[in-house]
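Take the sequence shown: its letter number 1 is residue 352 in this note's numbering, and every next letter is one higher. Idealized CB from N, CA, C, for every residue including glycine. All values derive from a computational prediction rather than experimental measurement.
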Amino acid sequence: MEKTASQADLGTGPRQSASREAGAGLTTGALARRLGVSPTTLRSWDRRYGIGPEVRGEGRHRRWTPRDVAVLEAMCRLTSAGVPPAEAARTASRGADDAVALADDAEAAPTGGARTRASGTLPLGDVRQECRGLARAAVRLDAPAVEQQLASAVDDHGIVVAWQEVMVPTLHAVGRKWASSGDRYVEVEHLLSWHVSSALRRCTRPLGTPGPAHAPGPVLLACVPGEQHSLPLEALNAGLCELGLPTRMFGGAVPAEALTAAVTRIGPAVVVLWAQTRSAASLPLAQHIAGAQWGVRGARGRPVVMLGGPGWLGRPGPGMLRPTSLKDALDVLTGLYSQGTPAGSQ
352 MEKTASQADL GTGPRQSASR EAGAGLTTGA LARRLGVSPT TLRSWDRRYG
402 IGPEVRGEGR HRRWTPRDVA VLEAMCRLTS AGVPPAEAAR TASRGADDAV
452 ALADDAEAAP TGGARTRASG TLPLGDVRQE CRGLARAAVR LDAPAVEQQL
502 ASAVDDHGIV VAWQEVMVPT LHAVGRKWAS SGDRYVEVEH LLSWHVSSAL
552 RRCTRPLGTP GPAHAPGPVL LACVPGEQHS LPLEALNAGL CELGLPTRMF
602 GGAVPAEALT AAVTRIGPAV VVLWAQTRSA ASLPLAQHIA GAQWGVRGAR
652 GRPVVMLGGP GWLGRPGPGM LRPTSLKDAL DVLTGLYSQG TPAGSQ
């Protein structure tokens, strides 16, 4: 996939140079310039609050590791917001430890199914490392780093691998940490979800020109009424755009009447209905959409209905598609479109 200008710039500016420098261990002077504080302040924080470097060279020379840098960046943000220095130091240090634990959770998170042929070409160690880095950036609320890492994952590996092997494990890790920590990490989940959505939407490009009149209609993607979890649907939309297939994305919680109206107006080849929870999944609605018709008498069309999400598990839908993963959904839809006429007709 071709990089946009903004995506290409993310990995080539001063931030990347600073990361390389931090990886080797920053000197106190270099770190002070990066943070906009004096070297005396860093030494004072080290002496008073114990947030000094993990690595010390020969003599009195300090070398600040990436973890040290993360702690000091958090310290600066907190003190700038008016938090007392002692409390800011405790919070910043705890946040760095939480980032390590969350990254470990991301490494162990399941990817939701068997590895695909595409993901099999990606070393598992590389994927775990990307998840760890993404989790740490998310816990630090380091939006530029989150954006950079997500863009790199998509550019390097494509939508399927980036979603299944990087985004999903990290999102699951944040969700588990939130569930086990009371109200903590809600802000982390919100920030990470927003940037995942942004990364996926950057991959969606409308087709330049409409297809011929006899070409199959687009894939209509919608969450069922009451369902707001649209990220998996956004991943499918991005994957279809990557393959050059036409889509119409409606997002979360589409009312039944509006969904029916959209189907009859657009004449989609396929309608994907996403339900994250069993309470939201409505088989009568899916059956109603499967029976919707459009076109002139004698040449009416009907959509193929694809049921996506765990909410549909255990709910049979005769004649409806039930993919098991993002790659499975893309393979099925690609196969339907290769036949030329995926929609039913009467």
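| Item | Value |
| --- | --- |
| Which of helix, strand or coil DSSP assigns to residue 590 | helix |
| Residue-level contact to chain B via CB, residue 598, 8 Å cutoff | Here chain B cannot be found, since the structure has a single protein chain. |
| Residues near residue 674 in its chain [Cβ-Cβ closer than 7 Å; skip 5 each side] | 657, 659, 680, 683 |
| Given residue 387 as reference, the closest of 420, 414, 518, 577 once Cα atoms are compared | 420 |
| Nearest candidate by alpha-carbon position, reference residue 521, set 430, 488, 402, 551 | 488 |
| Sub-8 Å separation of residue 586 and residue 663 beta-carbons | no |
| Cβ shell of residue 589 (< 6 Å), same chain only, five flanking positions each side left out | 510, 551, 554, 555 |
| Every unbroken alpha helix (DSSP H) inside the segment 508-554 [4 residues or more] | 519-531, 537-552 |
| DSSP beta-bridge partners of residue 622 | 571, 656 |
| Contact between the segment 594-609 and the segment 576-583 (3+ Cβ pairs under 8 Å) | yes |
| Pair within 8 Å by beta-carbon distance, residue 618 and residue 641 | no |
| Outcome for residue 596 when other beta-carbon atoms lying within 10 angstroms are tallied against a minimum of 16 | buried |
| Pair within 8 Å by beta-carbon distance, residue 423 and residue 402 | yes |
| 7 Å CB neighbourhood of residue 390 in its chain, flanking five on each side removed | 379, 380, 383 |
| Beta carbon of residue 540 nearer than 8 Å to that of residue 525 | yes |
| Start-to-end residues for the alpha helix (DSSP H) that takes in residue 598 | Looking at the DSSP string, residue 598 is not in any alpha helix (DSSP H); the run it does join, the beta strand (DSSP E), is 598-602. |
| Which listed residue (636, 665, 624) has its alpha carbon closest to that of residue 580 | 624 |
| Beta-carbon proximity check, residue 572 vs residue 598, cutoff 8 Å | yes |
| 7 Å Cβ shell around residue 645 - same chain, five flanking residues per side excluded | 615, 618, 651, 652 |
| C-alpha gap between residue 404 and residue 425, whole angstroms | 15 Å |
| Buried versus exposed, by CB contacts within 10 Å (16 or more), residue 686 | exposed |
| For residue 385, three-class secondary structure by DSSP | helix |
| Segment limits, alpha helix (DSSP H) that includes residue 680 | 677-689 |
| Cβ distance (whole Å) where residue 396 is taken to contact residue 440 below 8 Å | 7 Å |
| Inter-residue spacing [alpha-carbon to alpha-carbon] between residue 400 and residue 528 | 27 Å |
| Cβ pair residue 546, residue 494 closer than 8 Å | yes |
| Outcome for residue 484 when other beta-carbon atoms lying within 10 angstroms are tallied against a minimum of 16 | buried |
| Backbone CA spacing between residue 631 and residue 584 [nearest angstrom] | 15 Å |
| Neighbour-count burial assignment, residue 478, 16 or more Cβ in a 10 Å radius | Because the pLDDT at residue 478 is just 44, under 50, the model does not fix this residue reliably, and the point stays unresolved. |
| Closer than 7 Å: residue 670 CB and nearest the ligand ZN heavy atom | Questions concerning the ligand ZN fall outside what the structure shown contains, since it holds no ligand whatsoever. |
| Spatial neighbours of residue 629 in its chain, beta-carbon cut-off 7 Å, leaving aside the 5 residues before and after | 662 |
| 6 Å Cβ shell around residue 498 - same chain, five flanking residues per side excluded | 546 |
| Pair within 8 Å by beta-carbon distance, residue 613 and residue 601 | yes |
| Through-space distance from residue 635 to residue 482, alpha-carbon basis | 39 Å |
| Identity of the residue in 491, 690, 542, 535 nearest residue 428 by Cα | 491 |
| With 16 other Cβ atoms within 10 Å as the buried cut-off, status of residue 503 | buried |
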